[in-house]
Amino acid sequence: MIEFSRHILPNGLTLIVHQDFSTPIAAVNMLYKVGSKHEHAEKTGFAHLFEHLMFGGSENIPVYDEPLTAASGENNAFTNNDITNYYITLPAENIETAFWLESDRMLSLAFSEQSLNVQKKVVVEEFNQHYLNQPYGDVWLLLRPLAYAVHPYSWPTIGKSPEHIQNATLIDVKDFFYHHYAPNNAILTIAGPVEPESTVELVQKWFGEIERRALDDKNIPVEPKQESPRFLEVSRNVPFNAIYKAYHICRRNHPDFAPTDLISDILSNGKSARLYQHLVKEKQLFSNINAFVTGDIDEGLLVVTGQLFPSTSFRDADESITSELEELKIKPVSDYELEKVKNRFESNFVFEETSILNKAINLSFYEQLGNAGYINQEVEKYRAVSTNRIMEVAREILSVNNCSTLYYKKN
Amino acid sequence: MTLSKLNRKEPPERRAVRKIELPEPSISTLPNGAKLAVINAGTQDIVKMEVIFNGGTRYQKKILSSQAAVSLMCEGTTTRNSNQLAEQLDFLGSFLQHSFDRDFASVSLFTTRKHFAASLEVVADILTNPTYPENELEIFRKKGKQSLTVELEKVETLAKQGFFQCLFGPDHPYGSFATPDDFDKLSQPDVADFHKNFHNLSNSFIILAGRVDEHEVKTVETLLGANSPGRRLGALNNSLPAAAQTPREKFTYKENAIQSAVRIGKQMVSRNHPDYIGLMVLNTILGGYFGSRLMQNLREDKGFTYGISSILIPYRETSVFMIGTEVGREVTKPAVEEIYNELDKLVRVPVPAEELELVKSQMTGDLLRTLDGPLAIADSIAELYQYNNMNLNFLDQTIETINTITSNKLQSLAISYFNPDEMVKSVAGAQPF
């Protein structure tokens, strides 16, 4: 049980405080409810580029990193399709330094042309390093537009192409900031050896005077139901063939999310899981195989990925995956197997809570889903999933017409 | 509230970290000779147990046998087959991890407290009775060969291998690397022999961390600490050969690479050497944190790279200093030049007082962060053991040195250790530097 208190400031900032005296470190996590799904289709990669610019100095503080380092603090951030998340860890007695820095960059950025130009280059190198100069690195650049026809999940957070990043202007940057970065679009979580009352006062002191902003209220298009199979084949300079199959699933907050996630666990969580046991060890068709859910806020994907042994044909690979999925639709999973994946989920979940930073990030994440308290109900939700529900959900999602298949061929 | 009086230009008051309390582990010797360190910490009912062997790749007669011996331990014992082992551990919600490096091999169990005893019973079987069945070894060969082939497509892998080959020579235990074909040459007796010789519990170091008390300690003593006559191993043949004379630069061509991977560095001293902590400080200044000189110059100023860092990698009897980055193909040459400029500056110019203060705060904060939760603490203890033989004062000495070291001392260390002419350079990509 993770205890916490919630406070909403008059300007709309949500504050979550969790006390833990077992660590000398405090974690300060700022989640902004903006991700790559809020981008314009012709200006993709922007939310993530913007994350880099948040370290380029703010209205009253020319350099972000130095004063934090001087307080023995460390920070980083990540952007995904739904959110941008900034976090700091530092000795608890220096926590005010974190509030000073975070509040100033929420107030206003420095917006420097120099910073924009350098970070554009840095992000293009990041694009090259992770997506273009890696074997199989461009998979998500191919799979997303195949699976999504209209929803902005059709591009990855890094963007559709390096050109989109190179074209970003300072006007775009300012516009993005004032429409998405605001106290009324953020969740601040503090975790560590702190007193809730004085923490709330300090947050009020540093963040209280920042005004609410009018947020971008553009609607995000809903992905229509997929009616027929989709298929793409590409050739690349890689040593082995690989296959990717993506199936549309529910939203993160939907009651079916737990059974869907458990389906992916039955398929591939742990060495005893079905795909590894049947297709790697028994039939020896794949050198590795994996199934997972994306867990996005809007309707996401269940993805199966496998790298083929040289002797395996795409046809055999594809059929073997499909028949494993069919099995879930026709044969109830045993009580033992369901219990096993639930046990694994539970212990994994508990391990997540052993570092103060993870606790802060997770509390923010669940608050953004609707209530930080979901963190204490998650295990129960998974425990409540029945054999029947697994089969029903499998029948709903694991159909040919709901599937996008990518054959990634070696040259 | 007097909001208008808020001074946003000046940082709030902050305090320096002067002392760090490592929760002291209780250390005992089990009847078979194994050392056990116990750390009771954390808020969750979890347990992590790591068993460390002197079983790294440096000890192998046949290449890959160290990796195979630790990876395949869980693929069958005298009483359970691979599938039964996986099923039992998965059902208990337990995670088994194995790792190996040049010096050490280790097996870690992550589990909940309620399932610790049942899980450890399985793990004890894995540690003491593995059979290394030929069919499991065959899958290991096929998978390993394939994943190594993919790794070798990456410029960072090629640059790193080139770097260590230049430093030690391609036949040295620290400079040799397996090729995909080596997997075919590995036999069942190679693997079983390695296990017999190097995974001996009586020579192991066991770390038990989490919410643990005498109950869990007793379980470990019973299952891993019993005396097993005849299995006790003599002294290890662990003298490290001298590094071979090798070329100081290496370029590995990789067609169509849009980035080049760069590795630059040299061999330094072991963790017990009086200069080591000072070298840690120099390394941090140069490339050990986000605000480091290399990061500021090559990323934040020039935009050559997504990231650049330098590290001091500790080994049992030595350490290696290595700068690493991936840069745009067309800026490979200027990027390498800038790295050498920064090395040169470290030697020529004393570190300004303000920068030194900043780095001290960074390093003390990093040390504090290594104590966040039982898993982090267990890792710190493992490191102390592996490279120091359990000198628990090492943390205190580190803090003390960080807080007192001067710019003059750092410059004299830089002159002795960071001479750019002594560095080895390895680049992989489409364009020579």
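Read top to bottom, the protein sequences are chains A and B. Position one of the first sequence corresponds to residue 11 (this note's numbering), numbered consecutively onward. Position one of the second sequence corresponds to residue 16 (this note's numbering), numbered consecutively onward. We put the beta carbon where it would ideally sit given N, CA and C, even for glycine.
Taking the CA atoms as reference points, TYR147(B) sits about 47 Å from VAL134(A).
Against PHE125(B), the close residues of chain A are PHE361, in the order they occur along the chain (beta-carbon pairs closer than 7 Å).
Not a single C-beta of chain A is nearer than 7 Å to the C-beta of PHE115(B).
Annotation for PRO265(A): no beta strand (DSSP E) segment contains it, and DSSP assigns it neither H nor E. In the three-state DSSP reduction, ILE407(A) falls in the helix class (H, G or I). Separation of the CB atoms of ILE67(B) and SER121(B) is rounded to 4 Å, and the pair is thereby assigned contact status at 8 Å. For LEU312(A), the beta-bridge partners assigned by DSSP are TYR257(A) and VAL303(A). Excluding five sequence positions before and after LEU255(B), the CB atoms of its chain that fall closer than 6 Å to its own CB belong to GLU332, given in chain order. In this chain, SER125(A) is not harboured by any beta strand (DSSP E); it is covered by the alpha helix (DSSP H) spanning 123–137. Separation of the CB atoms of ARG23(B) and ASP114(A) is rounded to 6 Å, and the pair is thereby assigned contact status at 8 Å. Excluding five sequence positions before and after VAL227(B), the CB atoms of its chain that fall closer than 7 Å to its own CB belong to VAL53, ASN55 and VAL62, given in chain order. Counted as a single uninterrupted DSSP element, the beta strand (DSSP E) harbouring ARG246(A) occupies residues 240–246.
Listed along the chain, the chain B residues whose CB falls inside 9 Å of the CB of THR79(A) are TYR304, PHE305, GLY306, LEU373, VAL374, SER376, GLN377 and GLY380.
Only those residues of the stretch 20–32 of chain B whose C-beta falls short of 8 Å from the nearest C-beta of chain A are listed: LEU21, ARG23, LYS24, PRO26, PRO27, GLU28, ARG29, ARG30, ALA31 and VAL32. Contact between the stretch 352–361 of chain B and the stretch 188–208 of chain B is not established, with fewer than three Cβ pairs separated by less than 8 Å. Below the 7 Å Cβ cutoff, chain B contributes PRO26, PRO27 and ARG29 as neighbours of THR107(A), in chain order. Of the residues assessed, PRO265(A) falls on the exposed side of the cut-off, its CB having fewer than 16 other CB atoms within 10 angstroms. The C-beta of PRO234(A) comes no closer than 7 Å to any C-beta of chain B.
Nearest in C-alpha terms to PRO320(A), of all of ALA256(A), GLU347(A), HIS174(A) and VAL248(A), is VAL248(A). Taking 7 Å as the cut-off, the Cβ atoms of THR167(A) and THR89(A) count as close.
A Cβ-Cβ separation of about 6 Å places GLY306(B) in contact with GLU76(A) under the 8 Å criterion. Taking a cut-off of 8 Å on C-beta distances, the stretch 359–367 of chain A touches the stretch 379–392 of chain B, as three or more cross pairs fall below it. Interface flag for ASP75(A) against chain B is set, since a Cβ pair is found closer than 7 Å.
VAL439(B) counts as buried, since no fewer than 16 other beta carbons sit within 10 angstroms of its beta carbon. For the stretch 113–145 of chain A, the beta-carbon criterion of a distance under 7 Å to any beta-carbon of chain B is satisfied by ASP114, VAL128, LYS131, VAL132, GLU135, GLU136, ASN138, GLN139, LEU142, ASN143, GLN144 and PRO145.
TYR257(A) is a Cβ neighbour of ASN412(A), given a cutoff of 7 Å. Under a criterion of Cβ atoms nearer than 9 Å, no residue of chain B is adjacent to SER323(A); the nearest Cβ is some 16 Å distant. Taking 7 Å as the threshold, the shortest C-beta distance from ALA101(B) to chain A falls below it. In the DSSP assignment, THR340(B) forms a beta bridge with VAL277(B) and ILE323(B). In chain order, TYR392 place their CB closer than 6 Å to the CB of PHE355(A), counting only its own chain and leaving out the 5 sequence neighbours on each side. Bounds of the alpha helix (DSSP H) holding LEU428(B) are 422–432. Collapsing the DSSP output to three states places VAL149(A) in a helix. Contact annotation: ALA391(B) and THR234(B) have beta-carbon atoms that are not nearer than 7 Å.
A Cβ-Cβ distance of about 4 Å is found for the pair ILE307(A) and ASP92(A), placing them in contact under the 8 Å criterion. Within chain B, the residues whose beta carbon sits less than 7 Å from that of ASN104(A) are ARG29 and ARG30, listed in sequence order. For ILE61(B), the neighbours in chain A by C-beta distance under 7 Å run, in chain order, VAL360, PHE361 and THR364.
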